[in-house]
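Residue 12 in UniProt numbering sits at position 12 of the sequence shown, with consecutive numbering throughout.
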Amino acid sequence: MDERANHENPTLAARGEAGLEVPGVPGSEIDEIAEVTQALERLREAERGLALASRAALGVNSTELRALQYIVAVRQRDELVTPGSLAARLRISAASTTKLLNRLEEHGHITRGVHPRDRRAFSIDVTPATQALMQRAAGRQNARRFTAAASLTTEERRVVAGFLNRVSREISGDSETLTGAR
């Protein structure tokens, strides 16, 4: 496409600069939209940094951290965590779950106890030390998010929440499409 065609159609000009095709979006808005997507990427990077710091503090890998986060969340609802529920949540096999639980137990992060309703099974809980470390980290993270949200006006909070919910739905739809769920 020649240079003149890009100037006649701002959407095509924007596509050439940003590498995106956005039907019906004027080229003048592409930079603003790009700034929003870049801000989302900066947020994702900050979240990744926090996850890395949490993993380092606990001495665990990403799957182990996800397992610990799940156990803490379920136990906060006063529900039991079983190897089966953990395997389903993490989408890993029973054998992988056993290995994961063995590692977490060896490092002092979890305890296993007899399931109160099924003596053949067991339930999983985090140790008090691991729980305290995770709560401190989550507390700081949530406090910072709260502070940032508190600095917004009521209308800005509605707009941001609506936008983030919309992005979450769109991304979830993409992941379902990629896994064949749709």
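The beta-carbon is built from N, C-alpha and C at its ideal position, and this holds for glycine as well.
This structure is a prediction, so every number in the text was calculated from the model and none was measured.
Contacting residues, own chain, Cβ-Cβ under 8 angstroms from residue i (five flanking each side not counted)
i          : result
valine 167 : Leu40
CA nearest to the CA of residue i, picked from the options
i            : options                           : result
arginine 145 : Arg117, Ala46 and Glu105          : Ala46
leucine 104  : Arg91, Leu86 and Gly49            : Leu86
arginine 55  : Leu152, Val160 and Leu133         : Leu133
arginine 117 : Thr82, Arg169, Glu155 and Thr37   : Thr82
leucine 164  : Val36, Ile30, Val25 and Gly84     : Val36
glutamate 79 : Thr154, Gly139, Gly173 and Ile124 : Ile124
glycine 84   : Ser151, Ser96, Ala73 and Gln76    : Ser96
alanine 73   : Ala138, Leu43 and Glu170          : Ala138
8 angstroms Cβ cutoff met for residue i and residue j
i             : j             : result
threonine 127 : leucine 58    : no
alanine 148   : arginine 157  : no
leucine 50    : glutamine 135 : no
leucine 100   : threonine 63  : yes
Cβ neighbours of residue i in the same chain (closer than 6 angstroms, five flanking residues each side left out)
i             : result
histidine 115 : Ala121, Phe122 and Ser123
Contact the stretch 62 to 81 vs the stretch 103 to 110: 3+ CB pairs below 8 angstroms: yes
Inside the UniProt domain "HTH marR-type" (33 to 169) only - alpha helix (DSSP H) runs reaching at least 4 residues: 62 to 76, 83 to 90, 94 to 106 and 128 to 150
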